[in-house]
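Student:
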Amino acid sequence: MDLRNGYAVVDLETTGLDCWDDLIIEIGVSVAKPGQNPDTDSVLVKIDRRLPDVIVRLTGITDRDLASRGMGIDEALNWFVERTADLPLVGHNIVRFDRAFLLEAARVHRRSVEEGRYPMRVIEEVDHLPARRFIDTMALFKGYKMGQYPTQGESHTEYVQRILDMRTPAGLRYSLQAACQDLGISTSRVRAHRAHGDVVQNQKLFEKLIEVGAV
Numbered sequence: 001m002d003l004r005n006g007y008a009v010v011d012l013e014t015t016g017l018d019c020w021d022d023l024i025i026e027i028g029v030s031v032a033k034p035g036q037n038p039d040t041d042s043v044l045v046k047i048d049r050r051l052p053d054v055i056v057r058l059t060g061i062t063d064r065d066l067a068s069r070g071m072g073i074d075e076a077l078n079w080f081v082e083r084t085a086d087l088p089l090v091g092h093n094i095v096r097f098d099r100a101f102l103l104e105a106a107r108v109h110r111r112s113v114e115e116g117r118y119p120m121r122v123i124e125e126v127d128h129l130p131a132r133r134f135i136d137t138m139a140l141f142k143g144y145k146m147g148q149y150p151t152q153g154e155s156h157t158e159y160v161q162r163i164l165d166m167r168t169p170a171g172l173r174y175s176l177q178a179a180c181q182d183l184g185i186s187t188s189r190v191r192a193h194r195a196h197g198d199v200v201q202n203q204k205l206f207e208k209l210i211e212v213g214a215v
């Protein structure tokens, strides 16, 4: 993975776990470039349905928040593309979760443009979201704790699938909060399950994984 020009940490909040039926409600991005402090921001995304109560309780995001401060998904994708440019995209479970939601949002956006509801294509599945662009801190942390590293010729995507499919040793937890706590990264001042807070935590986790040789 080429990090010479920096990278962008990405986190999504959604209405659920099914990328085919659930929707993105918040996108967080933290751009880290050499010699600069991370630039972190997030946007809320309007949706055409009420939020499930469990998501309101988990994230603190309400229907009123989305209605008053959210932007349409097309505008949100444009914001995402402009901020992340062609940088590697880092996330916790990003290969299996966040990428799936971004791909489906890109497909919906394509239909929006084709049907005349949005004036231009701002995100392309193939050009903007190829598998090789995604770096998964969940797999990196789990692999590091298990002493499992990429084999010769194994792509990061293949490594992620192999590690996450492996049986987890008893007692090993690898959620974002658990990984940060294991590596001595404080989580006390960051709100979990909000995109802005999660990208801040994951940026610290990724830097620590680089430091300990897991990347």
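Residue numbers for the sequence shown follow this note's numbering, beginning at 1 and rising by one. Glycine is no exception: its CB is placed at the ideal position from the N, C-alpha and C atoms. Bear in mind that the values here come from a model prediction, so they are computed numbers and not experimental data.
What first and last residue would you give for the alpha helix (DSSP H) that runs through Thr137?
Tutor: Taken as a continuous stretch (DSSP letters only), the alpha helix (DSSP H) holding Thr137 covers 137-146.
Student: Whose C-beta lies closer than 7 Å to the C-beta of Asp182 among residues of the same chain, with five residues either side of it excluded?
Tutor: Same-chain partners within the cutoff: there are none.
Student: First and last residue of the beta strand (DSSP E) that includes Tyr174?
Tutor: First-last for Tyr174: undefined, no H or E at that position.
Student: Starting from Tyr118 and walking both ways along the alpha helix (DSSP H), at which residues does that stretch end?
Tutor: Looking at the DSSP string, Tyr118 is not in any alpha helix (DSSP H), and its letter there is neither H nor E.
Student: In three-state terms, what does DSSP make of Leu164?
Tutor: Here Leu164 sits in helix by DSSP.
Student: If you draw a straight line from the alpha carbon of Ser42 to that of Val200, how long is it in whole angstroms?
Tutor: The straight-line gap from Cα to Cα measures roughly 11 Å.
Student: Quick check: what's the CA-CA separation for Glu33 versus Val160?
Tutor: The sequence shown places Lys at residue 33, not Glu. Each residue's Cα considered, the two are about 24 Å apart.
Student: Say whether the stretch 3-23 touches the stretch 87-104, bearing in mind that this needs 3 or more beta-carbon pairs closer than 8 Å, one atom from each stretch.
Tutor: Contact holds: three or more Cβ-Cβ distances are below 8 Å.
Student: Just how far apart, CA to CA, sit Arg121 and Val190?
Tutor: If I take the Cα positions, the gap works out to 35 Å.
Student: Compute the Euclidean distance between the alpha carbons of Gly91 and Gly116, then round it to the nearest angstrom.
Tutor: Straight-line Cα distance between these residues: approximately 33 Å.
Student: Quick check on this structure: which residue in Asp63, Pro150, Asp136 has the alpha carbon closest to the alpha carbon of Phe97?
Tutor: When each option's Cα is compared against that of Phe97, the closest is Asp136.
Student: Less than 7 Å separating the beta-carbons of Ala139 and Ile123?
Tutor: Their beta carbons are not under 7 Å apart, which means Ala139 does not touch Ile123 by this criterion.
Student: Under a three-way DSSP split, which group does Glu124 fall into?
Tutor: In this structure, Glu124 counts as coil in the three-state DSSP scheme.
Student: Contact defined as beta carbons within less than 8 Å: I believe Tyr144 pairs with Leu89. What is the distance between those atoms, to the nearest angstrom?
Tutor: Not confirmed; about 20 Å, so no contact.
Student: Considering only residues of the same chain and omitting the five flanking positions on each side of Asn78, which have a CB-CB separation below 8 Å?
Tutor: Closer than 8 Å at Cβ, skipping near neighbours: Val122, Ile123.
Student: Evaluate Glu26 with the Cβ neighbour count: other Cβ atoms within 10 Å of its Cβ, from every protein chain shown; 16 or more gives buried, anything less gives exposed.
Tutor: Buried.
Student: Quick check: what's the CA-CA separation for Pro150 versus Asn93?
Tutor: So the alpha carbons of these two residues sit roughly 17 Å apart.
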